[in-house]
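Residue numbering for the sequence shown follows my numbering, beginning at 13 and increasing consecutively.
Where is the CB? At the ideal position from N, CA and C, for every residue including glycine.
Structure record follows, encoded as structure tokens.
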Amino acid sequence: MGDLFDGYGSTLSPRKTASGVPAFDEMFAVPEHPGAPARSREAYRELYQALAQMTQEELRGRTESLASSYLAQGVTFDFAGEERPFPLDAVPRVITYDEWARVESGVKQRVRALEAFLDDAYGRQHCVRDGVLPAKLIASSQYFYRQAAGIHSANGVRIQVSGIDLIRDENGEMRVLEDNVRVPSGVSYVISNRRVMAQTLPELFVSMRVRPVGDYPNKLLAALRASAPPGVEEPNVVVLTPGVYNSAYFEHTLLARLMGVELVEGRDLLCAGGKVFMRTTTGPRRVDVIYRRVDDEFLDPLQFRADSMLGAPGLMLAARLGNVTIANAVGNGVADDKLLYTYVPDLIRYYLSEEPILKNVDTWRLEDPGSLEEVLDRLAELVVKPVDGSGGKGLVVGPDASPAELDKLRTTLRRDPRGWIAQPVVMLSTIPTLVADGMRPRHADLRPFAVNDGEDIWVLPGGLTRVALPEGELVVNSSQGGGSKDTWIVGGAAPGHVEYGQGSGLAGLVADQAATVTEAIPIIYDGQPPPAHSPRDPARGDREQHEQQQQEHARSMPHTAQSEQQQQAAEEGTSC
């Protein structure tokens with residue numbers, strides 16, 4: 013190994029499974045003998061050879077420039093109440109085109125099955141009648157909303173966007189860890205990571221034939237337009253955000269800008285006569301499709317939480333009348349309930365008459381008394397998750413828990429077995445990551461994003477690789493202190509365009525947006541010039557006064573403090 017990787021082989025597999033099998037390192041094969049050098053795997057060989065020519069100081073300098081670039085652009089996330097640049101490691105993850113083809117097929121298959129399940133769950137529930145699922149599984153899910161029954165988009169799609177979380181197990185096999193079909197987040201980091209990495213390692217994008225990710229905004233917009241109500245030739249699409257205090261606000265602004273649509277808050281929408289309108293300076297304008305980044309319970313105070321300040325009264329009625337499409341559909345959460353996850357292989361067989369391409373991680377259903385007792389006996393060696401959790405919240409890693417924590421967990425599981433699942437400690441694969449003491453293996457997962465337009469399901473080539481930065485840590489979520497890597501799908505036919513520096517492909521597309529991407533997007537003016545001091549345009553008028561009013565709005569009690577709290581909570585089901 014070069015200087016950059018000196019000693020890396022001796023640090024492989026800091027943790028092992030209960031069976032003693034070490035984690036799978038994606039760049040290097042584990043040395044056959046202690047002290048022997050690790051050999052780079054074929055997929056990573058060209059990347060390894062390029063990196064081995066660098067010193068640690070040179071790569072660290074490039075990594076620091078990534079962080080500075082992100083901070084300047086506002087590519088941040090909220091961690092413990094502090095805005096930080098989203099950690100991006102300069103060593104990308106590499107997946108061959110051939111392996112990706114299988115992952116892509118497996119993700120598409122899974123989305124098709126979940127679409128069929130949601131249509132059934134909010135319809136006649138044939139899956140219950142035929143004994144595939146117990147009736148109580150659907151009825152007892154906190155994300156099953158009877159208000160969503162009978163609401164259909166014009167093309168029948170409920171999952172316009174999905175994020176299927178994958179891990180690579182100790183044998184190197186990709187498995188599904190969980191499904192995210194409410195409002196999955198993280199794609200903004202895929203887009204931003206690619207832009208800066210194309211400038212950091214530009215020579216490798218050409219030689220390794222890295223598949224581009226620049227089609228995502230166009231694919232998403234096409235899928236949203238395809239779901240518009242019947243008879244609408246030029247659908248008006250908006251992105252509904254909880255507001256500036258939501259941790260994913262950067263993503264909301266980025267997607268709205270790249271799609272060329274308006275970013276709105278609930279207060280910008282007006283429901284009248286069973287239709288939805290957007291307030292503009294020239295009067296109301298009809299809205300046809302709402303790409304909502306707000307959780308179900310905050311969308312419509314007439315149907316869900318009466319105290320919600322983030323949605324608009326009457327949205328659900330307009331959707332029921334077929335006058336507006338809400339994407340993703342309300343009630344999708346029943347399909348990413350972690351207990352339902354255990355049945356997805358059966359749903360694939362039932363609805364598609366196919367065998368699952370991607371396997372689940374082995375999982376115990378704690379509703380079964382025998383499984384519950386087995387889990388309670390083995391609690392110290394298992395991972396236990398709440399079925400409605402996201403972002404790593406509530407997860408307990410048995411080997412890392414104290415006796416007191418395990419005793420408390422036992423009491424909780426006996427009281428509410430439906431609310432939890434258990435899994436073995438899966439050693440997520442490791443990827444070389446530059447940390448304080450040099451290049452070290454760190455555990456990672458992968459969230460591919462799929463877009464469904466009703467005719468085809470398109471899977472973004474790569475997705476978001478999340479990496480746990482502390483040594484031995486298995487929780488990769490950014491909300492728990494994790495970082496990310498650019499994900500390169502390499503090989504196959506030459507891509508249609510290469511993301512190679514500014515002015516080409518996605519890098520050029522996003523470069524023009526970088527300086528202002530996190531600024532709020534003003535409401536539209538229907539072709540008329542905006543007034544000199546638009547109340548909703550912080551780029552005009554007195555910016556300092558606008559920001560001061562935002563802060564005063566957050567601090568005032570009790571009404572607006574409640575709004576800030578709701579903004580922070582309104583996308584909990586999507587955390588990356």
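Check: Leaving out the 5 sequence neighbours to the left and right, which residues in its chain are closer than 7 Å to G515 when beta-carbon positions are compared?
Finding: Mapped onto the sequence shown, residue 515 falls at position 503. The predicted model places G515 with a pLDDT of 42, which falls under 50 and marks its position as unreliable; any figure quoted below should be read in that light. There are no such residues.
Next item on the list: Quick one: give me the first and last residue of the alpha helix (DSSP H) that H264 is part of.
Entry: In the sequence shown, counting from the first residue as 1, residue 264 sits at position 252. Counting along the chain, the alpha helix (DSSP H) containing H264 begins and ends at Y261 to M271.
Check: What is the DSSP secondary structure of G382, counted as helix, strand or coil?
Finding: Here residue 382 refers to the residue found at position 370 when the sequence shown is read from its first residue. Of the three classes helix, strand and coil, the one that applies to G382 here is helix, per DSSP.
Next item on the list: Just confirm the distance between the C-beta atoms of S496 and L100, as a whole number of angstroms; I'd bet it's less than 8 Å.
Entry: To locate residue 496, count along the sequence shown from 1; it is residue 484. To locate residue 100, count along the sequence shown from 1; it is residue 88. With a Cβ gap of about 5 Å, S496 and L100 count as contacting.
Next item on the list: Check whether the segment 444–461 touches the segment 211–221, taking contact to mean three or more Cβ pairs, one atom from each stretch, closer than 8 Å.
Entry: With contact defined as three or more Cβ pairs closer than 8 Å, the segment 444–461 and the segment 211–221 are not in contact.
Check: Less than 9 Å separating the beta-carbons of I171 and A341?
Finding: Locating residue 171 in the sequence shown gives position 159, counting from the first residue. Locating residue 341 in the sequence shown gives position 329, counting from the first residue. The answer is yes: Cβ separation under 9 Å.
Notebook entry, point to check: In angstroms, rounded to a whole number, what distance separates the CA positions of A128 and A151?
Noted result: In the sequence shown, the residue the question calls residue 128 occupies position 116. In the sequence shown, the residue the question calls residue 151 occupies position 139. Their backbone Cα atoms lie some 17 Å apart in a straight line.
Next item on the list: Measure the C-alpha to C-alpha separation of T212 and R194 and round it to an integer number of angstroms.
Entry: Position 200 of the sequence shown, counted from the start, is the residue given in the question as residue 212. Position 182 of the sequence shown, counted from the start, is the residue given in the question as residue 194. Taking the straight line from one Cα to the other gives about 34 Å.
Check: Going by the CB atoms, is the gap between V438 and L421 shorter than 9 Å?
Finding: Translated into the one-based positions of the sequence shown, residue 421 becomes position 409. Translated into the one-based positions of the sequence shown, residue 438 becomes position 426. Against a cut-off of 9 Å, the Cβ pair of V438 and L421 comes out as no contact.
Notebook entry, point to check: Hey, A260 and R305 are a contact pair by Cβ (cut 8 Å); roughly how many whole angstroms apart?
Noted result: Locating residue 260 in the sequence shown gives position 248, counting from the first residue. Locating residue 305 in the sequence shown gives position 293, counting from the first residue. Confirmed, about 6 Å.
Notebook entry, point to check: What span of residues does the beta strand (DSSP E) with R478 cover, start to end?
Noted result: Reading the sequence shown from its first residue, position 466 is the one you call residue 478. R478 -> beta strand (DSSP E) spans L476 to V479.
Note to self: For R105 and T499, which I take to be in contact (beta-carbon distance under 8 Å), what is that distance rounded to the nearest angstrom?
What the structure shows: Here residue 105 refers to the residue found at position 93 when the sequence shown is read from its first residue. Here residue 499 refers to the residue found at position 487 when the sequence shown is read from its first residue. Contact flag correct, Cβ pair sits at about 5 Å.
Check: Just the Cα atoms here: how many angstroms apart are D280 and E483?
Finding: Mapped onto the sequence shown, residue 280 falls at position 268. Mapped onto the sequence shown, residue 483 falls at position 471. When rounded, the distance between both Cα atoms is 46 Å.
Next item on the list: Take every Cβ of the segment 410–429, pair it with every Cβ of the segment 379–394, and state whether three or more of those distances are shorter than 8 Å.
Entry: Of all C-beta pairs linking the segment 410–429 to the segment 379–394, three or more are shorter than 8 Å, placing the two stretches in contact.
Next item on the list: Let me know the secondary structure DSSP gives M186 once reduced to three states.
Entry: Taking the sequence shown and counting its residues from 1, one reaches residue 186 at position 174. Looking at M186 - three-state DSSP - the assignment turns out to be strand.
Next item on the list: Whole angstroms is fine: what's the gap from V299's alpha carbon to G326's?
Entry: On the sequence shown, residue 299 is found 287 positions in, with the first residue counted as 1. On the sequence shown, residue 326 is found 314 positions in, with the first residue counted as 1. Cα-Cα distance, rounded: 13 Å.
Check: Is the CB-CB distance between L472 and M186 below 9 Å?
Finding: On the sequence shown, residue 472 is found 460 positions in, with the first residue counted as 1. On the sequence shown, residue 186 is found 174 positions in, with the first residue counted as 1. With contacts defined by Cβ atoms closer than 9 Å, L472 and M186 do not form a contacting pair.
Item checked: Unbroken beta strand (DSSP E) run spanning K287, endpoints -> One-based indexing of the sequence shown puts residue 287 at position 275. K287 -> beta strand (DSSP E) spans K287 to M290.
Item checked: Which of helix, strand or coil DSSP assigns to D18 -> Residue 18 sits at position 6 when you count from the first residue of the sequence shown. DSSP places D18 in the coil class of the three-state scheme, outside both helix and strand.
Checklist line | P242 classed as buried or exposed, judged by whether at least 16 other C-beta atoms fall within 10 angstroms | finding: Reading the sequence shown from its first residue, position 230 is the one you call residue 242. Taking every protein chain shown into account, the CB of P242 has fewer than 16 other CB atoms within 10 angstroms, so this residue is exposed.
Notebook entry, point to check: Quick one: is R210 buried, meaning 16 or more other Cβ sit within 10 Å of its Cβ, or exposed?
Noted result: Here residue 210 refers to the residue found at position 198 of the sequence shown. The sequence as given places Ala at residue 210; Arg does not occur at that position. By the 10 Å Cβ count, A210 comes out buried.
Next item on the list: Kindly give me the distance between the Cβ atoms of E182 and F36, rounded to whole angstroms, as I take these residues to be in contact under 8 Å.
Entry: Within the sequence shown, numbered from 1, the residue matching residue 182 stands at position 170. Within the sequence shown, numbered from 1, the residue matching residue 36 stands at position 24. With a Cβ gap of about 5 Å, E182 and F36 count as contacting.
Item checked: Nearest candidate by alpha-carbon position, reference L329, set Q159, L418 and D191 -> On the sequence shown, residue 329 is found 317 positions in, with the first residue counted as 1. When only C-alpha atoms are compared, the closest one is Q159.
Check: In or out: N230 buried (at least 16 other Cβ within 10 Å) or exposed?
Finding: Indexing the sequence shown from 1 puts residue 230 at position 218. Burial call: exposed.
Notebook entry, point to check: Where S197 and L481 are concerned, what is the direct C-alpha to C-alpha distance, given to the nearest angstrom?
Noted result: Here the question's residue 197 lines up with position 185 in the sequence shown. Here the question's residue 481 lines up with position 469 in the sequence shown. So the two alpha carbons sit approximately 20 Å from each other.
Notebook entry, point to check: Under the rule that 16 or more other beta-carbon atoms within 10 Å means buried, what is E70, buried or exposed?
Noted result: Against the sequence shown, residue 70 aligns to sequence position 58. Exposed.
Notebook entry, point to check: Candidates D307, L352, E246 and L333: which alpha carbon is nearest K148's?
Noted result: In the sequence shown, counting from the first residue as 1, residue 148 sits at position 136. Cα-wise, what sits closest to K148 is L352.
Next item on the list: For the segment 51–116, list the alpha helix (DSSP H) runs that are entirely contained and at least 4 residues long, ordered along the chain.
Entry: Within the segment 51–116, the complete alpha helix (DSSP H) runs of at least 4 residues are 57–63 and 68–85.
Item checked: As assigned by DSSP and simplified to three states, the class of A284 -> Position 272 of the sequence shown, counted from the first residue, corresponds to residue 284. Strand, per DSSP.
Check: Residue range of the beta strand (DSSP E) that R452 falls in?
Finding: For this step, residue 452 is matched to residue 440 along the sequence shown. Start and end: G450 to R459.
Next item on the list: Could you give the DSSP three-state label for S239: helix, strand or coil?
Entry: As a first step, residue 239 is located in the sequence shown; it is residue number 227 there, counting from the start. In the structure shown, S239 adopts coil according to DSSP, grouped into three states.
Checklist line | Own chain residues within Cβ distance below 6 Å of Y303, not counting five before or after | finding: Here residue 303 is taken as the residue at index 291 of the sequence shown, counted from 1. L236, V251 and A339.
Next item on the list: State buried or exposed for T294, treating a residue as buried only when at least 16 other CB atoms are found within 10 Å of its CB.
Entry: The residue you call residue 294 lines up with position 282 of the sequence shown. Exposed.
Margin query: Quick check on this structure: which residue in V169, D132 and G334 has the alpha carbon closest to the alpha carbon of G286?
Written below: Position 274 of the sequence shown holds residue 286. Nearest C-alpha to G286: G334.
Check: From E379 to Y355, what distance separates their C-alpha atoms?
Finding: By one-based count along the sequence shown, residue 379 stands at place 367. By one-based count along the sequence shown, residue 355 stands at place 343. Those two C-alpha atoms are separated by around 13 Å.
Item checked: Where Q563 falls, given that 16 or more other Cβ within 10 Å makes a residue buried -> Taking the sequence shown and counting its residues from 1, the one referred to as residue 563 is at position 551. With a pLDDT of 37 at Q563, under the threshold of 50, the predicted position of this residue should be treated as unreliable, and no value is reported.
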